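Only one structure is covered here, and it is reproduced in the block below.
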Amino acid sequence: MMEGLVNVWDLEQFRCFSFYAILLLLKMIALAVITGQVRLRKKAFANPEDAVHHGGVQYCRSEPLVERCLRAHHNDMENIYPFLFVGALYAMSGPVLWLARMHFITFTAARILHSVAYVLALPAPTRSAAYVLAQAMSLSMILQLLVRYHWW
């Protein structure tokens with residue numbers, strides 16, 4: 001083993017990050033399953049072969065609720081994937097545990113609220129506020145990393 005390397009699993013901050021990262025990935029999987037269920041219930045399939053299998057080519061069509069679920073999932077990919085990278089770097093940088101936990105909990109809660117608000121079409125500004133809150137957590141971690149390591 002190389003001298004000076006730290007096992008990230010020995011860092012409580014990284015274990016904390018990993019827990020919330022797993023919750024976010026499970027949320028994304030759940031949203032994909034919900035999208036599939038809505039497709040089946042609404043009989044709205046993206047591919048002709050799927051439509052034919054479920055009743056006929058006429059079911060190869062778009063459906064507003066399916067499109068809403070897809071937009072929520074796309075937004076997750078634009079926000080959660082960067083969080084996984086930034087959050088891992090942040091956790092490995094050794095921040096104060098309570099502060100790291102606050103960032104991870106807030107980001108996770110905001111992304112869950114964002115998805116619920118998107119799929120259920122909750123009144124504005126619920127979805128936007130959740131989006132901004134999650135982005136603020138990511139930006140805060142990025143800025144802390146820049147300051148800590150003088151990357152400018």
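Position 67 of the sequence shown, counting from 1, maps to 67 under the numbering used here, and the rest follow consecutively. Idealized CB from N, CA, C, for every residue including glycine. Since this is a predicted model, take the numbers as computed values, not measurements.
Subject >> Cross-strand partners of residue 69 (DSSP beta bridge) >> reply: Beta-bridge pairing links residue 69 to no other residue.
Original post:
Is it true that the CB of residue 108 sits closer than 8 Å to the CB of residue 23?
Top reply: yes
**OP:** Entirely within the stretch 23 to 86 and at least 4 residues each: give me those alpha helix (DSSP H) ranges in chain order.
**Re:** 48 to 53
Original post:
Thinking C-beta only, is residue 31 closer than 8 Å to residue 60?
Top reply: no
Original post:
Taking the alpha-carbon positions, what's the residue 1 to residue 134 distance?
Top reply: Note that residue 1 has pLDDT 44, beneath the 50 cutoff, so the model's placement of it is unreliable and no number is given.
Original post:
Can you tell which of 21, 7, 12 has its C-alpha closest to the C-alpha of residue 87?
Top reply: 21
**OP:** Please confirm whether residue 100 and residue 37 have their CB atoms less than 8 Å apart.
**Re:** Not a contact, by the Cβ cut-off of 8 Å.
Original post:
Span of the alpha helix (DSSP H) holding residue 98?
Top reply: 97 to 119
**OP:** Helix, strand or coil for residue 93, going by three-state DSSP, please let me know.
**Re:** coil
Original post:
Buried or exposed: residue 148, going by 16 or more other Cβ atoms within 10 Å of its Cβ?
Top reply: exposed
**OP:** Report the three-state DSSP secondary structure of residue 122 (helix, strand or coil).
**Re:** coil
Subject >> residue 137 versus residue 54 - alpha carbon distance >> reply: 43 Å
Original post:
So what does DSSP say about residue 11, is it helix, strand or coil?
Top reply: coil
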